[in-house]
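Only one structure is covered here, and it is reproduced in the block below.
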Amino acid sequence: MAQNETFTARDFAFTPNHDETARQNFIGGFKKFINFDVEAALDRRFDATLAPAYEAEHGAPPATRKEAVAAVENDPLFQTWSALTFHSQNLMWDAVQDTTDRIIDDRIETYRALRDARPAGGSVTLRDDLVVRAPVSTTEIHRQPGGYWRERRADDIEQGLNYTGTVELYRSAKGMSARGSLEKDTLGQFVAEVAQRRAPDLVPARVLDMGCGTGEQTHAYKKLWPEAEVTGLECARPLVRFAHGTAEANGLAIDFVEANAADTGLPDESVDFITSIIMFHETTAAQTQEILKECWRLLKPGGLVLHLDVPYHAHRIPLIKQATNDWQVRHNGEPFWTGFVELDMMAELTRAGFDPDHAFADYESAGAATYFFFGGRKP
253 MAQNETFTAR
263 DFAFTPNHDE
273 TARQNFIGGF
283 KKFINFDVEA
293 ALDRRFDATL
303 APAYEAEHGA
313 PPATRKEAVA
323 AVENDPLFQT
333 WSALTFHSQN
343 LMWDAVQDTT
353 DRIIDDRIET
363 YRALRDARPA
373 GGSVTLRDDL
383 VVRAPVSTTE
393 IHRQPGGYWR
403 ERRADDIEQG
413 LNYTGTVELY
423 RSAKGMSARG
433 SLEKDTLGQF
443 VAEVAQRRAP
453 DLVPARVLDM
463 GCGTGEQTHA
473 YKKLWPEAEV
483 TGLECARPLV
493 RFAHGTAEAN
503 GLAIDFVEAN
513 AADTGLPDES
523 VDFITSIIMF
533 HETTAAQTQE
543 ILKECWRLLK
553 PGGLVLHLDV
563 PYHAHRIPLI
573 KQATNDWQVR
583 HNGEPFWTGF
593 VELDMMAELT
603 RAGFDPDHAF
613 ADYESAGAAT
623 YFFFGGRKP
């Protein structure tokens, strides 16, 4: 593809054909059936049968996640749910891989052309010195085959294509789509709206999106604040490449950097708005504190930190949901989930340097979906 050729968003998109779309839609519907219909039946069975049986055996009803797991783990319906959940995840990745295998050579060629031509004026910075520590680097999050870091060819973007091919399917199957929009950056738009409510006076000159993944949510910040310098930071190289190509194809000048959110290399007090979307439950509890300290170091006075993540804290969800979440942690590519939701985030923010009077850890809703938000402003 010549450098003077006009690029469109579709040139670089994950574009399943008719049959691939039909298969992926079926799997999305299947996963939604499991997440809603089968789980609803399991909820009823837990309340009517499993919890009373546990109480009869132990002298008290289940009261903790561990006890709820003990109450359900040998039940045929729970085992059916777990088998369906596990195999639907396999089906999802297999279906998406078919599309990626068909388009990968063309998309790498397009990525190289976009990288060299930079039609939108953004940039990509890859760092050979970056070391991502285990267990983060060795975990297949969501059981994505090969994890986020797998590279099988030069300038590989395969894992970015696979991830973006599943993200809305996965989110809608969980009932967590923001607004039900077909736009790719709906969660980014939601984060930006929450930021404007919490800091209506803030007009950032520099925005940092930590753990930006494929970078599609980062687009919302550049659209809202077009004069701002927007940086997407991600530690998985195939995702960084894909994020850069996607932004350039969509005409958005965003800088993407391969870096660790706990050690960005950016100057002190150099960023006005720092955000992330579902990053913290995909890293260790120990690194959570390191990242929050880095946020405080980077934040300018008057700036805002606003992180979005899963709302699955024990005080908000029933015991049966805690039991199914526990299974997801152990068997379905969510190993850091429990550690994250068990943190006292206000305490973590205070330890990291945030002023308790200007920090927050609470919930915001977008339609039927609710998310956990935490962060604060620097006085």
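Everything in the sequence shown is counted per our numbering, starting at 253 for the first residue and increasing by one. Glycine included, C-beta positions come from ideal geometry on N, C-alpha and C.
Check, Outcome
"Drop a sphere of 10 angstroms on the beta-carbon of Ala430, count the other beta-carbons inside from all chains shown, and report buried for 16 or more, exposed for fewer.", "Only weak support is given to the placement of Ala430: the predicted model assigns it a pLDDT of 44, under 50, and the value that follows is read from those uncertain coordinates. When all chains shown are included, Ala430 counts as buried."
"Report yes if the CB atom of Thr466 is closer than 7 Å to the CB atom of Tyr415, and no otherwise.", "yes"
"Within its chain, find whatever has a CB closer than 6 Å to the CB of Arg317; leave out the 5 residues flanking it on each side and keep chain order.", "Gln574, Asp578"
"Any idea if Tyr615 is buried or exposed, counting beta-carbon neighbours within 10 angstroms, 16 or more meaning buried?", "exposed"
"For Arg402, which of helix, strand or coil comes out of DSSP?", "coil"
"Counting C-beta neighbours from all protein chains within 10 Å, is the total for His471 16 or more, i.e. buried, or is it exposed?", "buried"
"Would you kindly work out how many angstroms separate the C-alpha atoms of Gln341 and Lys436, rounded to a whole number?", "21 Å"
"Report the rounded CA-to-CA distance for Leu476 versus Ile409, giving the unit in angstroms.", "27 Å"
"What is the DSSP secondary structure of Val443, reduced to helix, strand or coil?", "helix"
"According to the neighbour-count rule (16 or more other Cβ atoms, all chains shown, within 10 Å of its Cβ), is Ala292 buried or exposed?", "exposed"
"Tell me which residue opens and which closes the beta strand (DSSP E) that Val482 is part of.", "481-486"
"At which residues does the alpha helix (DSSP H) containing Lys284 begin and terminate?", "270-285"
"If we ignore side chains and look at the alpha-carbon of each, how far apart do Gly628 and Asn584 end up?", "32 Å"
"Whether or not the region 298-309 and the region 318-335 are in contact is what I'm after, with contact meaning three or more pairs of Cβ atoms, one per stretch, closer than 8 Å; do they touch?", "yes"
"In the DSSP assignment, what residue or residues form a beta bridge with Gly627?", "Leu558, Phe612"
"For the beta strand (DSSP E) that contains Leu460, what are its first and last residues?", "458-462"
"At 4 residues or longer, what runs of the alpha helix (DSSP H) sit wholly inside the region 583-612?", "589-593, 597-603"
"Taking Trp333 as the reference, give the member of Pro452, Ala457, Lys283, Ala300 with the closest Cα.", "Lys283"
"Ala320 and Ile572 look like a contact to me (Cβ under 8 Å); what is the Cβ gap, rounded to whole Å?", "6 Å"
"Between the region 499-514 and the region 374-381, are three or more C-beta pairs nearer than 8 Å?", "yes"
"Between Val562 and Phe338, what straight-line distance do the alpha-carbon atoms span, to the nearest angstrom?", "20 Å"
"Using only CA atoms, which one of Ser389, Pro553, Glu500 lies nearest to Thr258?", "Glu500"
"With respect to the beta strand (DSSP E) encompassing Ser340, which residues constitute its N-terminal and C-terminal limits?", "Element bounds for Ser340: not the beta strand (DSSP E) but the alpha helix (DSSP H), 328-369."
"Tell me whether Pro490 sits in a helix, a strand or coil according to DSSP, three-state version.", "helix"
"What residue from Pro387, Val348, Arg402, Leu366 has the CA that sits closest to Val643's CA?", "No statement about residue 643 is possible, as the shown extent of the chain runs from 253 to 631 and does not include it."
"On a CA-only basis, which of Phe285, Ser522, Cys547, Ala261 is nearest Ala513? Give me that one, please.", "Cys547"
"Can you tell me where the beta strand (DSSP E) holding Val523 begins and where it ends?", "523-529"
"Do Ala537 and Arg595 come within 7 Å of each other at the CB atom, strictly closer than that value?", "As written in the sequence, residue 595 is Leu, which differs from the Arg given in the question. Yes. Within cutoff."
"Using a Cβ-Cβ cutoff of less than 6 Å, which residues in the same chain neighbour Asp295 once the five nearest sequence positions on both sides are dropped?", "Ile572"
"Using the Cβ count rule (16 or more neighbours within 10 Å means buried), how would you classify Val383?", "exposed"
"For the beta strand (DSSP E) that Glu325 lies in, which residues bound it at each end?", "That residue, Glu325, is in no beta strand (DSSP E); it is neither H nor E in DSSP."
"So the alpha helix (DSSP H) Thr516 belongs to, where does it begin and stop?", "Element bounds for Thr516: n/a, residue is neither H nor E."
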